[in-house]
Each structure stands twice: as C-alpha cells, then as structure tokens.
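Engineer: In my numbering, the protein residues as written are 293 to 474. Think of the CB as a built atom: it goes at the ideal place given N, C-alpha and C, for glycine as much as any other residue. All figures in this text were calculated on a predicted structure; none of them were measured in a lab.
#1: Relative to the C-alpha of residue 358, which candidate in 431, 335, 425 has its C-alpha closest?
#2: Can you tell which of 354, 325, 361, 330 has its C-alpha closest to the C-alpha of residue 342?
#3: Would you give the residue range spanned by the beta strand (DSSP E) that residue 382 belongs to?
#4: Does DSSP put residue 270 in a helix, in a strand, or in coil?
#5: In terms of residues, what are the limits of the beta strand (DSSP E) holding residue 337?
#6: Reducing DSSP to helix, strand and coil, say where residue 362 ends up.
#7: Check whether the segment 363-379 touches the segment 344-355, taking contact to mean three or more Cβ pairs, one atom from each stretch, closer than 8 Å.
#8: Would you kindly report the start and end of the unbroken beta strand (DSSP E) that includes residue 402?
#9: Report buried or exposed for residue 407, applying the criterion of at least 16 other Cβ atoms within 10 angstroms of its Cβ.
#10: CB residue 410 to CB residue 423, shorter than 8 Å?
#11: By alpha-carbon positions, which one of 474, 426, 435, 338 ends up nearest to residue 392?
#12: Label residue 469 either buried or exposed according to how many other C-beta atoms from any shown protein chain fall within 10 Å of its C-beta, with 16 as the threshold for buried.
#13: Mind checking whether residue 367 and residue 384 have CB atoms under 8 Å apart?
Given below as structure tokens:
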C-alpha cells in the first residue's frame, strides 16, 4: 500500500508540473518525459513552438530562472539525472542533446544557432551534443556545432566554440593586469 501511495504521489507531481507548464508557455510542440522524479521550479520557463519537441529524462530538476526554449521543428533532449541551476538559458533551433548525469551551473547559456550576417531574420544552426557526466561551470557559453565529450569539465566563464574530447578540462587562460594609480 505504501509503495502504491508513493508512486501515485510522484505521478501526481509530474502531472501537476506538466499542467503548470502547459498553462501559458507552450504553443504547439510536445513534451516527452520518463514520468519519474521531474522537478521543475515554479520559476522555470518552457517555450515550445510549432512542432518543437522537449524530451526530459528521469531525475531531472531545474532551479528558478531557467529558460528552456524549443523552436519550430527543433529537438531539446535532456537525459537522466540532469540538474540545471539558476538563470540558465538553453535554446534549440535545430537540436541540442544533453546526456545523462550532466550538471549545469548558474548563468550558463547554450545556443545551437547564430544570426545570419546577411539577413538578421535568418539563423545559422548546427547541433550541440553534451555527453554523459559533464559539468558545465558558472557563466559558461556553449555555441553551435560543439560536441563535449564524456566526463568533461567546462571551467567557469568559458566560451566553447570547438569540440572538447572525452575526459578533458576546458578552460580559457585569462591574464589579469593591475595598474596602480599615481
């Protein structure tokens, strides 16, 4: 009896979360979930347009201020055990695939597109793949066409524009200069 009651509570939590999301933020599109342990902060914004598709794995959670955007005919896949922290923005115009057990720190931006220089109303897109066990530290930016390998760490404040091999730490050297005033 106790097991059935806890399964029912979890199912009701998922249904409540999905109903809360679909109220105003989804116009068309589709959300596919595993139906297990999905926690969306009340301040999470989900925007799905047209035939866009959002796929959520089990044990998925978000903090406040997260934006998940899926545009016309795009796919945003988020695997099992993924945690997305505050003020993170993930927008797919083609495809973003996030593997299992990925941790995304506050202030991260992930975009699979850029504006075209010739026509600002058009976009240049390329898929993004973030493989299992990766940690993306605070205020990092992941741009179109990037594949991040398994068990990688992306250091805080990094801008990733090239592929990162498995089991790597990616950081950008920064030089600080201090000049004393006279």
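Structural biologist: For this structure:
#1: 335
#2: 361
#3: Per DSSP, the continuous beta strand (DSSP E) segment holding residue 382 begins and ends at 381-384.
#4: In the structure as shown, the chain begins at 293 and stops at 474. Residue 270 is therefore absent and cannot be evaluated.
#5: 337-348
#6: strand
#7: yes
#8: 401-403 is the extent of the beta strand (DSSP E) around residue 402.
#9: exposed
#10: no
#11: 426
#12: exposed
#13: Going by beta carbons, residue 367 and residue 384 fall inside the 8 Å limit.
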